[in-house]
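Enquirer: Numbering-wise (our numbering), the sequence shown opens with residue 43 and increments by one.
The C-beta atom is built at its ideal place from N, Cα and C for all residues, glycine as well.
None of these values were measured; they are calculated from a predicted model.
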Amino acid sequence: MPPLLHRFRPRSLSLLQDYSRQRFIADLGAGFTVGIVALPLAIAFAIASGVKPEQGLFTAIIAGFLISALGGSSVQIGGPAGAFIVVIYGIVQRYGLGNLLVATMLAGCLLIALGALRLGAWVRYIPVSIVIGFTNGIAVLIGLSQLKDFLGLPIAHMPADFFSQLRLIALHIGDIHWAAPLLGGACVAVVSLWPKTYAMDRESHSTRARLQRWMSQLPGTVIALVGATALCYGLQLPLETIGSRFGGIPQTLPSFAWPEVSWTGAKQLLIPTLTLALLGAIESLLCARVADKLSDQPRHDPNQELMAQGIANLVTPWFGGIPATGTIARTVTNVRAGASSPVAGMVHALVLLIIVMVAAPLAAHIPLAALAGILLVVAWNMGEWHEFARLRHFSLPYRTVLLGTFVMTVVFDLMVAVEAGLVLACLFFIYRMSTLFQVQELPQTGLPPGTLALKLYGSLFFGAVGKVEGLAERLQPDQRLLVLDMHQLISMDTSGLDALLQLQRGLQRQGQALLLCGLNEQPASLVRRGGLAEALGPDGIHADFEQWRVSARTASL
Numbered sequence: 043m044p045p046l047l048h049r050f051r052p053r054s055l056s057l058l059q060d061y062s063r064q065r066f067i068a069d070l071g072a073g074f075t076v077g078i079v080a081l082p083l084a085i086a087f088a089i090a091s092g093v094k095p096e097q098g099l100f101t102a103i104i105a106g107f108l109i110s111a112l113g114g115s116s117v118q119i120g121g122p123a124g125a126f127i128v129v130i131y132g133i134v135q136r137y138g139l140g141n142l143l144v145a146t147m148l149a150g151c152l153l154i155a156l157g158a159l160r161l162g163a164w165v166r167y168i169p170v171s172i173v174i175g176f177t178n179g180i181a182v183l184i185g186l187s188q189l190k191d192f193l194g195l196p197i198a199h200m201p202a203d204f205f206s207q208l209r210l211i212a213l214h215i216g217d218i219h220w221a222a223p224l225l226g227g228a229c230v231a232v233v234s235l236w237p238k239t240y241a242m243d244r245e246s247h248s249t250r251a252r253l254q255r256w257m258s259q260l261p262g263t264v265i266a267l268v269g270a271t272a273l274c275y276g277l278q279l280p281l282e283t284i285g286s287r288f289g290g291i292p293q294t295l296p297s298f299a300w301p302e303v304s305w306t307g308a309k310q311l312l313i314p315t316l317t318l319a320l321l322g323a324i325e326s327l328l329c330a331r332v333a334d335k336l337s338d339q340p341r342h343d344p345n346q347e348l349m350a351q352g353i354a355n356l357v358t359p360w361f362g363g364i365p366a367t368g369t370i371a372r373t374v375t376n377v378r379a380g381a382s383s384p385v386a387g388m389v390h391a392l393v394l395l396i397i398v399m400v401a402a403p404l405a406a407h408i409p410l411a412a413l414a415g416i417l418l419v420v421a422w423n424m425g426e427w428h429e430f431a432r433l434r435h436f437s438l439p440y441r442t443v444l445l446g447t448f449v450m451t452v453v454f455d456l457m458v459a460v461e462a463g464l465v466l467a468c469l470f471f472i473y474r475m476s477t478l479f480q481v482q483e484l485p486q487t488g489l490p491p492g493t494l495a496l497k498l499y500g501s502l503f504f505g506a507v508g509k510v511e512g513l514a515e516r517l518q519p520d521q522r523l524l525v526l527d528m529h530q531l532i533s534m535d536t537s538g539l540d541a542l543l544q545l546q547r548g549l550q551r552q553g554q555a556l557l558l559c560g561l562n563e564q565p566a567s568l569v570r571r572g573g574l575a576e577a578l579g580p581d582g583i584h585a586d587f588e589q590w591r592v593s594a595r596t597a598s599l
């Protein structure tokens with residue numbers, strides 16, 4: 043029997059036992075590349091979430107280092123993620139920044155508990171239709187939230203509600219600052235069209251091929267950000283920048299601060315805490331599975347990964363950080379850049395720290411329209427839009443769950459969407475399983491006179507008991523024995539047992555009898571423990587239907 047609690051053992055400890063200089067050089071290069079990629083994303087995610095840009099950077103530094111050092115994946119990169127944008131923005135608007143930090147810490151504690159109790163594998167049981175639905179919904183909300191800065195609209199604060207955002211954007215649509223969409227559109231084009239693969243035409247030695255290989259090693263997001271910043275500063279475009287809105291990014295190390303924690307406030311944060319923990323668990327383990335497919339490193343440990351995510355989210359708020367999880371785009375970049383161990387993730391965090399300490403003042407000139415353009419590409423890449431086109435190939439329950447989760451994510455919030463999606467998925471699963479349970483009448487040939495024989499298929503559970511409750515009515519007046527052949531009944535729950543007990547008592551009152559044949563191990567155990575075997579008596583259960591039929595027919599002759 044496996045132990046109840048998970049043994050805390052980071053993947054870095056086992057992978058570094060045979061660590062070599064060659065692997066370190068590869069991890070160093072990968073970590074530097076990912077650090078450069080993470081810079082604009084950390085800033086953009088923080089601003090889009092309604093917090094200061096340095097909070098995103100501190101999260102990428104602290105949480106990124108802890109997740110790599112303590113996690114259960116070899117190459118996963120942690121930090122602020124696009125999936126959290128909508129959730130964080132809603133929490134800040136409703137509860138305030140202080141309560142966001144408290145909710146993040148509570149979510150970290152919950153993630154640690156999930157990992158310690160070995161519940162990491164359970165996250166995988168969330169249906170893919172729900173994951174696709176809320177992922178696409180979050181992508182729509184991220185894209186909508188960026189229209190204000192992308193269009194340069196003079197809106198002081200964007201509400202968290204979907205329809206309120208649409209109404210506010212519609213009211214100010216005539217106030218577009220045309221330099222903003224032109225600059226943001228250029229960033230969208232650069233990020234979308236910039237070469238992204240490291241294996242682009244390696245056999246060719248032409249000038250074009252060599253240029254493409256060189257360009258593919260420079261992140262398109264960084265090129266777009268640097269180019270847009272230089273253009274905005276050189277032409278003195280009157281656009282809002284990080285400096286004009288936030289006063290720049292401090293050129294200091296993150297400082298320790300004690301968040302205000304109160305029991306009254308914590309009680310209000312139950313739903314935000316559950317939302318952050320659930321989303322963090324889903325995103326991190328999905329990202330780890332993607333990393334497993336792309337890399338030749340050992341498969342990730344989901345429980346260790348959840349514990350590392352929890353520690354990161356517990357520690358980061360003490361330094362003003364926001365929620366963190368595994369990030370697919372940076373993890374894929376890490377794998378393609380040649381990472382072989384968690385050292386690459388730790389290097390990526392240190393690279394970000396050096397950049398903050400050296401070049402933070404330059405970030406004040408970054409135009410927000412450029413960050414909005416980058417996030418629009420992130421939102422587009424996040425969504426699995428092709429799944430909408432494929433819906434016609436799937437069943438009605440799948441379509442209902444996916445579209446229902448998508449709509450509720452956009453209109454309400456993520457927690458409501460996931461809860462409703464899970465309820466719908468469970469209801470459809472119950473219906474599907476109930477249709478698989480069947481009762482079939484067996485031929486009368488070879489049966490003793492006065493006998494009705496039925497065969498049960500599938501699983502007799504609470505969703506299928508209705509098909510058993512009316513079996514007594516199928517007996518004819520001259521039939522005194524109902525035989526149930528149950529060798530193809532694979533499982534039964536207590537509701538099924540209660541239905542059989544009620545059937546036995548009803549038949550007994552009418553002077554009729556019930557016989558069960560061919561019970562499998564699980565139903566047989568429940569029949570014994572639930573008192574049905576005692577009610578049926580020594581002659582009420584037989585090991586095999588065919589043997590009983592032959593012996594009963596012989597006895598009747």
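Which runs of the alpha helix (DSSP H) at least 4 residues long sit entirely within the stretch 432-463? Give them in chain order.
Expert: Counting only runs of 4 or more, we get 438-453.
Enquirer: Check for me: the alpha helix (DSSP H) holding H390 runs from which residue to which?
Expert: Element bounds for H390: V385 to A401.
Enquirer: Could you check if P52 is buried or exposed, using at least 16 other CB atoms within 10 Å of its CB as the buried criterion?
Expert: P52 should be labelled buried.
Enquirer: Assuming A597 contacts Q546 under a Cβ cut-off of 8 Å, what Cβ separation, rounded to an integer in Å, is found between them?
Expert: In fact, because the Cβ distance is near 23 Å, the residues do not count as touching under 8 Å.
Enquirer: Assuming Q530 is part of the beta strand (DSSP E), what are its boundary residues?
Expert: Its beta strand (DSSP E) spans residues L523 to M534.
Enquirer: Would you kindly work out how many angstroms separate the C-alpha atoms of S110 and A371, rounded to a whole number?
Expert: Rounded to the nearest angstrom, the two C-alpha atoms are 15 Å apart.
Enquirer: From what residue to what residue does the beta strand (DSSP E) around V481 run?
Expert: Start and end: Q480 to E483.
Enquirer: Along the chain, where does the beta strand (DSSP E) containing S501 start, and where does it finish?
Expert: First-last of the beta strand (DSSP E) with S501: T493 to L502.
Enquirer: Taking the DSSP output, what are the residues bridged to P409?
Expert: DSSP output for P409 lists T283 as bridge partner(s).
Enquirer: Along the chain, where does the alpha helix (DSSP H) that runs through L70 open and close?
Expert: R63 to A90 is the span of the alpha helix (DSSP H), which, as asked, contains L70.
Enquirer: Between the alpha carbons of R432 and P580, how many angstroms are there, rounded?
Expert: Using only the alpha carbons, I get a separation of about 56 Å.
Enquirer: Report back the beta-carbon spacing between A202 and Y131 to the nearest angstrom; my notes put them in contact at under 8 Å.
Expert: Between Y131 and A202 the Cβ distance is about 6 Å, and since that is below 8 Å, they are a contact.
Enquirer: Take every Cβ of the stretch 391-402, pair it with every Cβ of the stretch 355-371, and state whether three or more of those distances are shorter than 8 Å.
Expert: Touching, no, given that fewer than three Cβ pairs across the two stretches are closer than 8 Å.
Enquirer: I want to check one thing, is the minimum distance from the CB of R441 to the heavy atoms of the ligand GTP below 6 Å?
Expert: The ligand content of the structure shown is nil, which means the ligand GTP is not present either.
Enquirer: Considering only the beta carbon of each residue, do I284 and P95 sit closer than 7 Å?
Expert: Yes, the Cβ-Cβ distance between I284 and P95 is below 7 Å.
Enquirer: Tell me the DSSP secondary structure of H428 in three-state form.
Expert: Reduced to three states, the DSSP call for H428 is helix.
Enquirer: Between L225 and L273, how many whole angstroms is the CB-CB distance? I'm expecting something under 8 Å.
Expert: With 8 Å as the limit, L225 and L273 qualify as a contact, their Cβ atoms being about 7 Å apart.
Enquirer: List in chain order: all unbroken alpha helix (DSSP H) runs of 4+ residues lying wholly within the stretch 175-220.
Expert: As far as the stretch 175-220 is concerned, its whole alpha helix (DSSP H) runs of at least 4 residues are 189-193 and 204-213.
Enquirer: Which of helix, strand or coil does DSSP assign to L260?
Expert: Coil at L260, not helix or strand.
Enquirer: By the 10 Å Cβ neighbour count, where 16 or more other Cβ atoms means buried, how is P280 classified, buried or exposed?
Expert: P280 comes out exposed.
Enquirer: Determine the direct distance from the alpha carbon of N141 to that of G133, and round the result to whole angstroms.
Expert: Per the sequence shown, residue 133 should be read as Ile rather than Gly. Answer to the nearest angstrom: the Cα atoms are 8 Å apart.
Enquirer: Mapping DSSP to helix, strand and coil, what is A585?
Expert: The answer is coil: DSSP assigns A585 none of H, G, I, E or B.
Enquirer: Which residues in the same chain have their Cβ closer than 7 Å to the Cβ of F504, if we skip the five residues on either side of it in sequence?
Expert: Cβ neighbours of F504 beyond the five flanking positions: D535 and S537.
Enquirer: State the DSSP-derived secondary structure class of G508, mapped to helix, strand or coil.
Expert: In this structure, G508 counts as helix in the three-state DSSP scheme.
Enquirer: Use the C-beta contact count for G512: other C-beta atoms within 10 angstroms, 16 or more gives buried, fewer gives exposed.
Expert: That one is exposed.
Enquirer: Closest by CA to V458, which one among A333, L321, P485 and R516?
Expert: With distances taken between Cα atoms, V458 lies closest to L321.
Enquirer: How would you write the range of the alpha helix (DSSP H) that L311 sits in, first residue to last?
Expert: Unbroken run through L311: none, as it is neither H nor E.
Enquirer: Measure the beta-carbon distance from A333 to L108 and round it to whole angstroms, keeping in mind my assumption that it falls under 8 Å.
Expert: So it is not a contact: roughly 17 Å between Cβ atoms.
Enquirer: Write down the C-beta distance between G573 and L557 rounded to the nearest angstrom, noting that I regard them as a contact closer than 8 Å.
Expert: At roughly 17 Å, the Cβ-Cβ gap does not stay under 8 Å, so G573 and L557 are not in contact.
Enquirer: Which residues mark the beginning and the end of the alpha helix (DSSP H) in which P555 is found?
Expert: Going by the sequence as given, residue 555 is Ala instead of Pro. No alpha helix (DSSP H) holds A555; the beta strand (DSSP E) holding it covers A555 to C559.
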